[in-house]
(Lines of atoms letter the chains of each structure in order from A and count residues from 1; the text may use other names and numbers.)
(Lines give C-alpha, C1' and ligand atoms only; values in the text may rest on other atoms or scores of the structure.)
Protein backbone atom coordinates (compact mmCIF):
# COMPACT_ATOMS: atom_id res chain seq x y z
CA UNK A 1 0.00 0.00 0.00
CA UNK A 2 1.29 3.43 -0.94
CA UNK A 3 2.06 5.49 2.23
CA UNK A 4 0.67 8.59 0.55
CA UNK A 5 -2.68 6.85 0.07
CA UNK A 6 -2.67 5.92 3.77
CA UNK A 7 -2.00 9.48 4.94
CA UNK A 8 -4.46 10.80 2.37
CA UNK A 9 -7.14 8.54 3.82
CA UNK A 10 -6.35 9.77 7.34
CA UNK A 11 -6.59 13.35 6.15
CA UNK A 12 -9.99 12.67 4.59
CA UNK A 13 -11.23 11.00 7.79
CA UNK A 14 -9.95 13.92 9.86
CA UNK A 15 -11.67 16.39 7.56
CA UNK A 16 -14.95 14.46 7.79
CA UNK A 17 -14.73 14.32 11.59
CA UNK A 18 -14.07 18.06 11.75
CA UNK A 19 -17.05 18.76 9.50
CA UNK A 20 -19.21 16.51 11.67
CA UNK A 21 -18.02 18.35 14.78
CA UNK A 22 -18.92 21.69 13.18
CA UNK A 23 -22.36 20.34 12.25
CA UNK A 24 -23.06 19.10 15.79
CA UNK A 25 -21.86 22.43 17.20
CA UNK A 26 -24.05 24.36 14.79
CA UNK A 27 -27.11 22.26 15.62
CA UNK A 28 -26.41 22.79 19.34
CA UNK A 29 -26.33 26.60 19.21
CA UNK A 30 -30.11 26.93 19.54
CA UNK A 31 -30.22 24.57 22.52
CA UNK A 32 -27.17 26.12 24.19
CA UNK A 33 -28.64 29.63 24.08
CA UNK A 34 -31.86 28.34 25.66
CA UNK A 35 -29.92 26.55 28.40
CA UNK A 36 -27.88 29.67 29.19
CA UNK A 37 -30.79 32.14 29.34
CA UNK A 38 -33.46 29.86 30.87
CA UNK A 39 -33.36 30.38 34.70
CA UNK A 40 -33.79 26.71 35.82
CA UNK A 41 -30.80 25.70 33.65
CA UNK A 42 -28.57 28.72 34.29
CA UNK A 43 -24.86 28.74 35.06
CA UNK A 44 -25.36 27.97 38.74
CA UNK A 45 -27.71 25.02 38.14
CA UNK A 46 -26.06 23.19 35.24
CA UNK A 47 -22.41 24.13 35.15
CA UNK A 48 -19.72 24.03 32.49
CA UNK A 49 -18.88 20.55 31.30
CA UNK A 50 -22.19 19.03 32.43
CA UNK A 51 -24.31 21.48 30.44
CA UNK A 52 -22.02 21.30 27.41
CA UNK A 53 -22.19 17.50 27.38
CA UNK A 54 -25.99 17.53 27.65
CA UNK A 55 -26.32 20.10 24.86
CA UNK A 56 -23.90 18.16 22.62
CA UNK A 57 -25.91 14.98 23.18
CA UNK A 58 -29.18 16.64 22.24
CA UNK A 59 -27.55 18.51 19.36
CA UNK A 60 -26.22 15.21 18.02
CA UNK A 61 -29.78 13.95 17.49
CA UNK A 62 -30.56 17.09 15.48
CA UNK A 63 -27.31 16.85 13.49
CA UNK A 64 -28.15 13.28 12.45
CA UNK A 65 -31.02 14.66 10.37
CA UNK A 66 -29.02 17.58 8.96
CA UNK A 67 -26.20 15.68 7.24
CA UNK A 68 -27.05 17.33 3.93
CA UNK A 69 -25.61 20.57 5.31
CA UNK A 70 -22.08 19.18 5.69
CA UNK A 71 -20.75 20.27 2.25
CA UNK A 72 -21.92 23.87 2.88
CA UNK A 73 -20.47 24.38 6.37
CA UNK A 74 -17.83 26.98 5.61
CA UNK A 75 -17.34 30.69 5.22
CA UNK A 76 -20.08 33.27 5.52
CA UNK A 77 -22.86 30.68 5.31
CA UNK A 78 -21.67 29.10 8.56
CA UNK A 79 -21.63 32.48 10.33
CA UNK A 80 -25.12 33.36 9.09
CA UNK A 81 -26.61 30.04 10.19
CA UNK A 82 -24.97 30.29 13.63
CA UNK A 83 -26.30 33.83 14.13
CA UNK A 84 -29.79 32.77 13.04
CA UNK A 85 -29.76 29.79 15.39
CA UNK A 86 -28.67 32.01 18.29
CA UNK A 87 -31.57 34.40 17.63
CA UNK A 88 -34.08 31.54 17.46
CA UNK A 89 -32.71 30.13 20.71
CA UNK A 90 -33.04 33.55 22.33
CA UNK A 91 -36.71 33.76 21.28
CA UNK A 92 -37.41 30.30 22.70
CA UNK A 93 -35.63 31.14 25.96
CA UNK A 94 -37.53 34.43 26.27
CA UNK A 95 -40.91 32.75 25.83
CA UNK A 96 -40.05 29.93 28.24
CA UNK A 97 -38.55 32.21 30.91
CA UNK A 98 -41.46 34.62 31.30
CA UNK A 99 -43.13 32.80 34.19
CA UNK A 100 -39.85 32.61 36.14
CA UNK A 101 -39.15 36.30 35.66
CA UNK A 102 -42.76 36.87 36.69
CA UNK A 103 -42.30 35.03 39.99
CA UNK A 104 -39.04 36.83 40.75
CA UNK A 105 -40.51 40.24 39.91
CA UNK A 106 -43.57 39.68 42.11
CA UNK A 107 -41.25 38.85 45.01
CA UNK A 108 -39.22 42.01 44.38
CA UNK A 109 -42.46 44.02 44.18
CA UNK A 110 -43.56 42.75 47.60
CA UNK A 111 -40.14 43.48 49.11
CA UNK A 112 -40.30 47.04 47.78
CA UNK A 113 -43.66 47.63 49.49
CA UNK A 114 -42.62 46.05 52.79
CA UNK A 115 -39.36 48.04 52.83
CA UNK A 116 -37.03 45.05 52.86
CA UNK A 117 -35.66 45.50 49.35
CA UNK A 118 -32.34 46.68 50.81
CA UNK A 119 -31.76 43.23 52.33
CA UNK A 120 -30.08 41.16 49.63
CA UNK A 121 -28.95 37.55 49.46
CA UNK A 122 -27.27 35.46 46.78
CA UNK A 123 -29.82 33.59 44.69
CA UNK A 124 -28.29 30.08 44.39
CA UNK A 125 -29.96 29.46 41.03
CA UNK A 126 -28.68 32.69 39.45
CA UNK A 127 -25.49 33.56 41.30
CA UNK A 128 -26.55 37.17 41.81
CA UNK A 129 -27.99 39.12 44.71
CA UNK A 130 -31.76 39.49 44.93
CA UNK A 131 -34.18 40.38 47.70
CA UNK A 132 -35.47 37.76 50.12
CA UNK A 133 -38.98 37.25 48.74
CA UNK A 134 -37.71 37.46 45.17
CA UNK A 135 -35.23 34.65 45.87
CA UNK A 136 -37.92 32.54 47.52
CA UNK A 137 -40.37 32.96 44.64
CA UNK A 138 -37.65 32.23 42.08
CA UNK A 139 -36.60 29.01 43.83
CA UNK A 140 -40.22 27.88 44.23
CA UNK A 141 -40.85 28.43 40.52
CA UNK A 142 -37.71 26.49 39.55
CA UNK A 143 -38.62 23.67 41.93
CA UNK A 144 -42.11 23.46 40.45
CA UNK A 145 -40.67 23.39 36.91
CA UNK A 146 -38.48 20.35 37.62
CA UNK A 147 -41.04 18.47 39.74
CA UNK A 148 -43.86 19.01 37.23
CA UNK A 149 -41.76 17.62 34.36
CA UNK A 150 -41.37 20.93 32.57
CA UNK A 151 -38.06 19.94 30.97
CA UNK A 152 -39.85 17.24 28.97
CA UNK A 153 -42.22 19.77 27.41
CA UNK A 154 -39.44 22.31 26.82
CA UNK A 155 -37.17 19.79 25.12
CA UNK A 156 -40.06 18.55 22.99
CA UNK A 157 -40.84 22.11 21.91
CA UNK A 158 -37.18 22.77 21.03
CA UNK A 159 -37.01 19.66 18.86
CA UNK A 160 -40.29 20.60 17.18
CA UNK A 161 -38.88 24.07 16.46
CA UNK A 162 -36.34 22.42 14.13
CA UNK A 163 -39.29 21.20 12.06
CA UNK A 164 -40.98 24.61 11.98
CA UNK A 165 -37.73 26.48 11.35
CA UNK A 166 -34.97 24.11 10.14
CA UNK A 167 -31.31 24.94 10.54
CA UNK A 168 -30.83 25.69 6.83
CA UNK A 169 -33.96 27.82 6.41
CA UNK A 170 -33.61 31.59 6.34
CA UNK A 171 -36.96 33.28 6.74
CA UNK A 172 -36.53 37.06 6.73
CA UNK A 173 -38.57 38.72 9.46
CA UNK A 174 -39.42 42.43 9.10
CA UNK A 175 -38.11 44.69 11.85
CA UNK A 176 -41.66 45.83 12.61
CA UNK A 177 -42.71 42.27 13.49
CA UNK A 178 -39.70 41.81 15.77
CA UNK A 179 -40.41 45.10 17.54
CA UNK A 180 -44.10 44.24 17.89
CA UNK A 181 -43.25 40.81 19.30
CA UNK A 182 -40.85 42.25 21.88
CA UNK A 183 -43.30 44.96 22.95
CA UNK A 184 -46.22 42.54 23.18
CA UNK A 185 -44.33 40.01 25.29
CA UNK A 186 -42.89 42.70 27.58
CA UNK A 187 -46.30 44.31 27.98
CA UNK A 188 -47.86 40.93 28.81
CA UNK A 189 -45.13 40.28 31.39
CA UNK A 190 -45.66 43.64 33.12
CA UNK A 191 -49.44 43.19 33.21
CA UNK A 192 -49.07 39.72 34.72
CA UNK A 193 -46.70 41.07 37.39
CA UNK A 194 -49.18 43.80 38.31
CA UNK A 195 -52.11 41.37 38.47
CA UNK A 196 -50.33 38.82 40.67
CA UNK A 197 -48.74 41.36 42.99
CA UNK A 198 -51.81 43.61 43.32
CA UNK A 199 -53.64 41.73 46.14
CA UNK A 200 -50.57 41.53 48.39
CA UNK A 201 -49.53 45.11 47.59
CA UNK A 202 -53.02 46.46 48.35
CA UNK A 203 -53.15 44.59 51.66
CA UNK A 204 -49.74 45.93 52.68
CA UNK A 205 -50.75 49.45 51.71
CA UNK A 206 -53.87 49.12 53.86
CA UNK A 207 -51.58 48.40 56.81
CA UNK A 208 -49.83 51.74 56.22
CA UNK A 209 -53.16 53.54 55.88
CA UNK A 210 -54.57 51.91 59.01
CA UNK A 211 -51.52 52.72 61.10
CA UNK A 212 -51.54 56.30 59.82
CA UNK A 213 -55.18 56.74 60.87
CA UNK A 214 -54.50 55.26 64.31
CA UNK A 215 -51.43 57.47 64.70
CA UNK A 216 -53.54 60.57 64.08
CA UNK A 217 -55.84 59.71 66.98
CA UNK A 218 -53.04 58.55 69.28
CA UNK A 219 -50.28 60.98 68.48
CA UNK A 220 -48.17 60.01 71.48
CA UNK A 221 -47.75 56.52 70.11
CA UNK A 222 -45.17 56.27 67.34
CA UNK A 223 -46.99 53.53 65.46
CA UNK A 224 -45.33 54.21 62.11
CA UNK A 225 -42.14 52.62 63.40
CA UNK A 226 -44.10 49.37 63.66
CA UNK A 227 -45.18 49.56 60.03
CA UNK A 228 -42.20 47.75 58.55
CA UNK A 229 -42.17 44.80 61.03
CA UNK A 230 -45.94 44.37 60.69
CA UNK A 231 -45.79 44.41 56.88
CA UNK A 232 -42.84 42.02 56.92
CA UNK A 233 -44.68 39.54 59.13
CA UNK A 234 -47.84 39.90 57.05
CA UNK A 235 -45.88 39.31 53.83
CA UNK A 236 -44.40 36.09 55.27
CA UNK A 237 -47.89 34.96 56.33
CA UNK A 238 -49.30 35.71 52.87
CA UNK A 239 -46.52 33.77 51.17
CA UNK A 240 -47.01 30.80 53.48
CA UNK A 241 -50.75 30.75 52.77
CA UNK A 242 -50.76 31.61 49.08
CA UNK A 243 -47.58 30.10 47.57
CA UNK A 244 -49.41 26.85 46.91
CA UNK A 245 -52.28 28.73 45.28
CA UNK A 246 -49.83 30.68 43.13
CA UNK A 247 -48.13 27.52 41.88
CA UNK A 248 -51.51 25.89 41.19
CA UNK A 249 -52.72 28.93 39.22
CA UNK A 250 -49.64 28.99 36.99
CA UNK A 251 -49.13 25.23 36.93
CA UNK A 252 -49.39 24.98 33.14
CA UNK A 253 -46.98 27.89 32.66
CA UNK A 254 -44.45 26.49 35.15
CA UNK A 255 -44.53 23.05 33.54
CA UNK A 256 -44.42 24.68 30.06
CA UNK A 257 -47.33 22.47 29.07
CA UNK A 258 -48.33 24.67 26.12
CA UNK A 259 -44.88 25.99 25.22
CA UNK A 260 -44.94 24.12 21.90
CA UNK A 261 -48.08 25.96 20.77
CA UNK A 262 -46.61 29.30 21.84
CA UNK A 263 -43.38 28.63 19.95
CA UNK A 264 -45.28 27.46 16.90
CA UNK A 265 -47.15 30.75 16.79
CA UNK A 266 -43.99 32.79 17.42
CA UNK A 267 -41.84 30.98 14.85
CA UNK A 268 -44.57 30.77 12.26
CA UNK A 269 -44.85 26.98 12.27
CA UNK A 270 -47.55 25.15 10.35
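In the working numbering, the protein residues as written are 1 to 270. Note that the Cβ used here is the ideal one computed from N, Cα and C, for glycine as well.
(message) Please give me, in chain order, every unbroken run of the beta strand (DSSP E) with length at least 3 that falls completely inside the region 35-59.
(response) none
(request) Specify whether the region 126-138 and the region 104-113 touch according to this definition: at least 3 beta carbon pairs, one from each stretch, less than 8 Å apart. (result) yes
(request) Could you tell me the boundaries of the alpha helix (DSSP H) in which residue 142 lies? (result) 132-147
(message) Within the continuous alpha helix (DSSP H) that includes residue 257, where are the two ends?
(response) Per DSSP, residue 257 belongs to no alpha helix (DSSP H) and is neither H nor E.
(request) Can you have a look at residue 64 and say buried or exposed, based on whether 16 or more other CB atoms are within 10 angstroms of its CB? (result) exposed
(request) Could you give the DSSP three-state label for residue 66: helix, strand or coil? (result) coil
(message) If distances are taken between C-alpha atoms only, which option among 15, 204, 253, 255 comes closest to residue 112?
(response) 204
(request) Using alpha carbons as the reference points, say which of 255, 39, 34 lies closest to residue 149. (result) 255
(message) Using C-beta distances below 8 Å, list every residue in its chain close to residue 160, excluding the 5 sequence neighbours before and after it, in chain order.
(response) 260, 263, 264, 269
(request) Can you give me the Cβ contacts of residue 35 inside the same chain, cut-off strictly under 7 Å, excluding the 5 residues immediately before and after it? (result) 41, 46, 51, 55
(request) Look at the Cβ atom of residue 69, then the Cβ atom of residue 187, and state whether they are nearer than 7 Å. (result) no
(request) Would you please state the rounded distance, in angstroms, between the beta carbons of residue 231 and residue 201? I believe it to be under 8 Å. (result) Rounded, the Cβ-Cβ distance is 10 Å, inconsistent with contact.
(message) Counting C-beta neighbours from all protein chains within 10 Å, is the total for residue 138 16 or more, i.e. buried, or is it exposed?
(response) buried
(request) Identify the continuous alpha helix (DSSP H) that holds residue 119 and give its terminal residues. (result) Where residue 119 is concerned, there is no enclosing alpha helix (DSSP H), given that its DSSP letter is neither H nor E.
(request) Taking 7 Å as the cut-off, decide whether the C-beta atoms of residue 153 and residue 257 are in contact. (result) yes
(request) Within 10 angstroms of the Cβ of residue 71, are there 16 or more other Cβ atoms? Answer buried if so, exposed if not. (result) exposed
(request) Taking only the alpha-carbon atoms, compute the straight-line gap between residue 216 and residue 225 and give it to the nearest angstrom. (result) 14 Å
(request) In angstroms with no decimal places, state the Cα-to-Cα distance between residue 237 and residue 17. (result) 59 Å
(message) Quick check on the burial criterion: 16 or more other C-beta atoms within 10 angstroms. Buried or exposed for residue 32?
(response) buried
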